[in-house]
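Engineer: To start, I am sharing the structure in question, which I have written as structure tokens.
Numbering (the numbering used here), first residue to last: 236 to 1034.
Given below as structure tokens:
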């Protein structure tokens, strides 16, 4: 196994050891052991920066199912490296933060860190897999592990609700995405992302191209909480704060962003991709920022803020996809949108991660996250106040922080949309800068609310469950590091350009791989540009709206509460549960006859429809053997026995009639020169008759007097339908030979390869030896179970 594969699997291996470390080293917080893994992985991926910077790749392949084109190919380019560094770097800071946030004597730490490591490994698998099927497996594992993390405090109803909601929505998207992957394979003949990208020009006109595009975007939109699938993210805030800081700011919600960026070279040639990605992104940006303003919970504000920022990045990737429609990249202004998306991806992870940790600190030290109860914490928690100032001002897009730079690049990209004269962007494209500006105003407002309502104003100790104080230094280290990165990337942004941003951008826009280095340069001052005037307008109107917020916040109350997406989700669950309950009560009524009717009707319908649809029923009589008098007599006996079975008045008579049919079938095997089958049939029939006699001897006689005519008619129709279907299948299979019979293989190889002359015995013992062995094992287990029940002779326990 290569070092790259080991880096992906390492978190899973550590997860296996966590329960033992938790029990064996109780005095030590389990997080200290776990912290080693993300630090080592982060160090390993840092070592790959020089390689990736030179536009080289790191690739290792582990054979898995090569016959189906499914191999575990780990692939690191600029985009994969960026996400790997975020996953491991933020992961290390989150683990360090959790050590001081989660008390070792009050929490089930072994559960928490097992789930966290599972998620870390799954995310690395998503961003470093070249094979779509392997990527999908890790993708669903992120949904499963995040479900466990969100529901970590499972004794809380809201935690269970949030976990279920995230699971249902993201798994729905994941299954849709799988459908898109399968369509891509059918169009290109490969599951390899690199090979699909190479052949993308050949599949644009394929009839499955747009369905594959839509299905893939469903997976990306649900995972990255794009409108209207964003409703799971606010409810996921019931998870512990370290989970929110990790999953919902830097990693899991960025998986959809990664998927769109990775597959842009495949789908961006289509106008549908541009409109869907950019359109849903800009709507999500506006809707998330608009709803963040009305929240009163710190994590609620940050949750809708995350939805909004994810929409911002998604819209940039949509606009940036327009770069693939132009040949001359030197003057291509739309590459700037992709650069802005990559840069803001990094910036958002830094300032949002620090703000989630600040929210956790405030909750941990005051006992509440309600901004209506908070205020005046600036003097009590000065370090936390400073971190919050840096994070919120960066999120609001104010200088000199990194959020200002990427926000300016965002505005520039939205203004450039007006110059896009394809796909009707020259008309409807005017909506993008307008909506972007309005959303940015709301972003400024909720940033100010989050900061000033928490740390300034009147101190209200009587409303706080706990007496607040500054957090311990261990809990402050991680947000301090992130805040320092916010400032550093803001003042010195170009330390990222050549090492991280350029390789990641080139991975999204492959044409840049042949360009010279240095196509990314970020600076504060560009003159009095439209984006600068947009920023000034955002600040001016934002301050006005913040100051007058008490006067206009009542507008939110006028919005219809019963017509929300959350209400739609809840109602759909209620309807589904009621429908399932009613259907279950109707179908699962305890009657074996009813269950058999369902099974037989499905058999008749599915097999009959297949025969008709495929035109598979054929009758050929030229290769039939002649029928002798013996076969006619035996057939007549079978028919008479079957008719007697229908009209038998007692169970004993019905058993005798059924036995006559079975014994007669053994005579057919004798006539057809299959003595082994005849002996087997005789033994089985003897045992069956004996068991039936033992079981039915103690039951009353058959009573058919109370059976209604519809009851009998239903039985007759189902029985006739099954008999006819099986007969048609038998005749059709005899007349239609899709493949050469395998019997000739046994005739030719029985003696040579197995040194036996009895083909039946050799087939059972040699050619199908494993089948026979497992059948014997099943029979042995059943025999042991029956022996155990007879031997124990359990009696009813006395109460």
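By construction, the Cβ of each residue, glycine as well, lies at the ideal position given by its N, Cα and C atoms.
For residue 287, collect the residues of the same chain with a Cβ closer than 6 Å to its Cβ; drop the 5 residues on either side in sequence, then sort them by chain order.
Structural biologist: 313, 316, 738
Engineer: Would you decide whether residue 1105 is buried or exposed? Buried here means 16 or more other CB atoms lie within 10 Å of its CB.
Structural biologist: Residue 1105 lies beyond the stretch modelled for the chain, which goes from 236 to 1034, so this question has no answer here.
Engineer: Within 10 angstroms of its Cβ, does residue 1008 collect 16 or more other Cβ (buried), or is it exposed?
Structural biologist: Looking at its Cβ environment, which holds fewer than 16 other Cβ atoms inside 10 Å, residue 1008 is exposed.
Engineer: With three or more C-beta pairs closer than 8 Å as the rule, is the stretch 833-844 touching the stretch 492-504?
Structural biologist: no
Engineer: Tell me, which residues are paired with residue 309 by DSSP?
Structural biologist: 295, 364
Engineer: To the nearest angstrom, how far is it from the Cα of residue 964 to the Cα of residue 978?
Structural biologist: Each residue's alpha carbon lies about 20 Å from the other.
Engineer: Grab the span of the alpha helix (DSSP H) containing residue 684 for me, first residue to last.
Structural biologist: 666-690
Engineer: Under a Cβ-count criterion, where at least 16 other Cβ atoms within 10 Å of its own Cβ denotes burial, should residue 949 be classed as buried or exposed?
Structural biologist: Flag for residue 949 reads exposed.
Engineer: Please go through the same chain and pick out, in chain order, the residues whose beta-carbon is closer than 8 Å to the beta-carbon of residue 908, but skip the five residues on each side of it.
Structural biologist: none
Engineer: When DSSP builds the beta bridges, which residues end up paired with residue 532?
Structural biologist: 605
Engineer: Tell me the rounded alpha-carbon separation between residue 1002 and residue 237.
Structural biologist: Rounded to the nearest angstrom, the two C-alpha atoms are 37 Å apart.
Engineer: Are the stretch 590-604 and the stretch 714-722 in contact at 8 Å, needing three or more beta carbon pairs?
Structural biologist: yes
Engineer: Do you know offhand how far residue 308's Cα is from residue 377's?
Structural biologist: 19 Å
Engineer: Can you tell which of 546, 274, 721 has the C-alpha that lies nearest to the C-alpha of residue 323?
Structural biologist: The shortest C-alpha separation from residue 323 is found at 274.
Engineer: Take residue 970 as the anchor and find which of 851, 879, 296 has the nearest alpha-carbon.
Structural biologist: 851
Engineer: Ordered along the chain, which non-local residues of its own chain (more than five positions away) have a Cβ less than 7 Å from that of residue 635?
Structural biologist: 725, 726
Engineer: Among residues of its own chain, excluding the 5 on either side of residue 409, which ones have a beta-carbon nearer than 8 Å to its beta-carbon?
Structural biologist: 371, 374, 375, 378, 454, 457, 458
Engineer: What is the DSSP secondary structure of residue 540, reduced to helix, strand or coil?
Structural biologist: helix
Engineer: Which partner residues of residue 300 appear in the DSSP bridge assignment?
Structural biologist: As computed with DSSP, residue 300 is found in a beta bridge with 305.
Engineer: Run through the stretch 794-850 for me and flag every whole alpha helix (DSSP H) of 4 or more residues, listed as ranges in chain order.
Structural biologist: 800-822, 827-848
Engineer: What three-state label does DSSP hand residue 1039 in the structure shown?
Structural biologist: The structure shown has nothing for residue 1039, since the chain only spans 236 to 1034.
Engineer: State the Cα-Cα distance for the pair residue 899 and residue 891, rounded to the nearest angstrom.
Structural biologist: 12 Å
Engineer: Between 674, 406, 754, which has its C-alpha nearest residue 632's C-alpha?
Structural biologist: 674
Engineer: Quick check on residue 405: buried or exposed, where buried means 16 or more other Cβ atoms within 10 Å of its Cβ?
Structural biologist: Using a 10 angstroms sphere on the CB of residue 405, the tally of other CB atoms reaches 16 or more, which defines it as buried.
Engineer: Which one or two residues does DSSP pair with residue 427 in a beta bridge?
Structural biologist: 366
Engineer: Mind checking whether the beta-carbon of residue 300 lies closer than 8 Å to any heavy atom of the ligand ADP?
Structural biologist: What this structure holds is no ligand at all, so the ligand ADP is not there to describe.
Engineer: Whole angstroms are fine: how far does the CA of residue 722 sit from the CA of residue 797?
Structural biologist: 43 Å
Engineer: For residue 291, does the count of other Cβ atoms within 10 angstroms reach 16, so buried, or fall short, so exposed?
Structural biologist: Burial call: exposed.
Engineer: Are the CB atoms of residue 582 and residue 1062 within a distance shorter than 9 Å?
Structural biologist: In this structure the chain extends from 236 to 1034, so residue 1062 is not present and cannot be described.
Engineer: Do the stretch 645-663 and the stretch 688-696 touch if we need at least three Cβ pairs shorter than 8 Å?
Structural biologist: no
Engineer: Just mark residue 630 as buried or exposed, buried being the case when its beta carbon has 16 or more other beta carbons within 10 Å.
Structural biologist: buried
Engineer: If the criterion is Cβ atoms closer than 9 Å, does the pair residue 269 and residue 253 meet it?
Structural biologist: yes
Engineer: Tell me the DSSP secondary structure of residue 388 in three-state form.
Structural biologist: Coil at residue 388, not helix or strand.
Engineer: Taking buried to mean at least 16 other C-beta atoms within 10 Å of its own C-beta, is residue 428 buried or exposed?
Structural biologist: Answer is buried; the Cβ neighbour count reaches 16.
Engineer: Using 8 Å for Cβ pairs, my map puts residue 777 next to residue 680. What's the rounded Cβ distance?
Structural biologist: With 8 Å as the limit, residue 777 and residue 680 qualify as a contact, their Cβ atoms being about 5 Å apart.
Engineer: Rounded to a whole number of angstroms, what is the C-alpha to C-alpha distance between residue 547 and residue 821?
Structural biologist: 49 Å
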